[in-house]
């Protein structure tokens, strides 16, 4: 409940997560049938990069600030949406990016538990009939709000990882949604500080017998310091066709732009379980 994303908006982890999210949503929209998206930890929707929180860390300058000149290539779609949302003055969170890619007939379910952030999110979408804002726990929403009536769509799980047991909770959530909503795409963010928790998370997914899993990862330095965010991953269940190849090109371009040339930096697109 204490986590506030305003301090970290537009950092390298946001860039990685959101660039892949945009690709996944474009893949969903390639078919005519409507879809829904569930954002379990939605935040406030849009962030002022000149506000004291963002300026205090300056993380966006080493993230989206290094990408805003991009006009072509694997990141062009994502960066274009960010510029259209007001960057570099403002950075769009995941609900804003999802909303920008909804077609008539598609819808967004956005959950936020923090009372102040929920109020800001509700105000941002108050007059929008395609967006439903819920003041509820994102983990509980996985059961309450899936499967979708549309029978197709995306579940974005982006927890703050400020409490113990978040990796275990994430693995349980992925298994739950896979059972309830087999056709749904899941995109689940996780931090990479050191390797042991990530290896255990991947192992838990395999042991649960889950199928069609891909882990997209980007790290800016060797992940050996448990006190530092050295990288991050996006676990994608039921990925669309070509995700591994085209998502890999996104990760490679991100590392080229955002990397500090520190020892051990890299990216990986790893299939954890076959179809």
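Numbering (this note's numbering), first residue to last: 962 to 1236. Here a beta-carbon is modelled for each residue, glycine too, at the ideal position from N, C-alpha and C.
{"Item": "Within the segment 1149-1202, ranges of the beta strand (DSSP E) (whole runs, at least 3 residues)", "Value": "1174-1180 and 1192-1198"}
{"Item": "Same chain only: Cβ atoms within 7 Å of residue 1029, ignoring 5 sequence neighbours per side", "Value": "1040, 1044, 1048 and 1049"}
{"Item": "Residue 1107 - DSSP class collapsed to helix/strand/coil", "Value": "coil"}
{"Item": "Residues near residue 1000 by beta carbon distance below 6 Å, same chain, minus five either side", "Value": "1055, 1056, 1071 and 1117"}
{"Item": "Beta-carbon spacing of residue 1183, residue 1217 below 9 Å", "Value": "no"}
{"Item": "Where the alpha helix (DSSP H) through residue 1214 begins and ends", "Value": "1204-1219"}
{"Item": "Cβ-based neighbour list, residue 1167, same chain, cut-off 7 Å, excluding 5 preceding and 5 following", "Value": "1233 and 1234"}
{"Item": "Residue closest to residue 1150, alpha-carbon to alpha-carbon, out of 1143, 1062 and 1178", "Value": "1178"}
{"Item": "Segment contact flag, the segment 1132-1141 with the segment 1101-1119, C-beta cutoff 8 Å, min 3 pairs", "Value": "yes"}
{"Item": "Element boundaries [beta strand (DSSP E), containing residue 1228]", "Value": "1227-1234"}
{"Item": "Within 9 Å, strictly: CB atoms of residue 1036 and residue 1196", "Value": "no"}
{"Item": "Sufficient close CB pairs (3 or more, under 8 Å) joining the segment 1106-1116 to the segment 988-999", "Value": "yes"}
{"Item": "In chain order, each alpha helix (DSSP H) run of at least 4 residues that lies wholly inside the segment 1031-1063", "Value": "1037-1045 and 1055-1062"}
{"Item": "Residue burial classification, residue 1147 (beta-carbon count within 10 angstroms, cutoff 16)", "Value": "buried"}
{"Item": "CA-to-CA distance, residue 1020 to residue 1073, given in whole angstroms", "Value": "23 Å"}
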